[in-house]
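In what follows, a single structure is set out as structure tokens and then discussed.
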Amino acid sequence: MASTQEYAATKVMFSNNVQATLSVKLINGDGEDPAQVYGSITGRFGISNQFSLFNRPQSQRIDVRPGEFIPLSQPSVNVPEAADAMEITAYLMDYDTLSPDDEIANGTVTFLVRESGVE
């Protein structure tokens with residue numbers, strides 16, 4: 001009689017990397033409450049390690065009130081061990097029905113990487 005055995009493979013990786021927890025708060029949606037937000041927020045460590053935090057076309061805009069956080073697709077990222085800075089770029093628009101859409105964010109900010117703590 002043949003026997004059946006089940007095997008499960010588990011891959012565990014250990015590193016010295018830290019994890020960055022990210023949040024983006026809407027301060028002013030062009031004076032609207034709520035703002036109908038669409039656009040992109042991306043980040044990167046160096047040249048090759050890029051990631052997307054928010055990416056919505058105009059047709060998938062979301063309501064965000066001033067003082068609320070914009071829901072990110074990944075609110076935390078692993079920081080590569082060799083990284084010394086994290087760059088976040090935001091290009092966000094507010095949808096308007098009767099007038100041209102308004103730009104509410106367009107720029108880049110750089111955060112220095114450190115082993116732990118709050119920035």
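Under the UniProt record's numbering, the residue at position 97 of the sequence shown is numbered 97, and the numbers go up by one with no gaps. C-beta atoms are modelled at their ideal positions from N, C-alpha and C, and glycine is treated no differently.
Is residue i helix, strand or coil by DSSP?
| i | result |
| --- | --- |
| Q36 | strand |
| Q19 | strand |
| S3 | Any reading at S3 is ruled out, since the residue's pLDDT is 46, under 50, leaving its predicted position unreliable. |
| S76 | strand |
| I70 | coil |
Would residue i pass as a contact of residue j if the rule is Cβ separation under 9 Å?
| i | j | result |
| --- | --- | --- |
| P80 | F45 | yes |
| Y91 | I41 | yes |
| D34 | D63 | Rather than Asp, the amino acid found at residue 34 in this sequence is Pro. In this structure, D63 lies closer than 9 Å to P34 by Cβ. |
| G43 | I88 | yes |
DSSP puts residue i in a beta bridge; with which residues?
| i | result |
| --- | --- |
| G29 | Partner(s): none; G29 has no beta bridge. |
| L112 | A85 |
Am I right that residue i and residue j are in contact with their C-beta atoms under 8 Å? What's the rounded C-beta distance?
| i | j | result |
| --- | --- | --- |
| A85 | L112 | 6 Å |
| I27 | P66 | 6 Å |
Exposed or buried, which one is residue i when buried takes at least 16 other CB atoms within 10 Å?
| i | result |
| --- | --- |
| G107 | exposed |
| G29 | buried |
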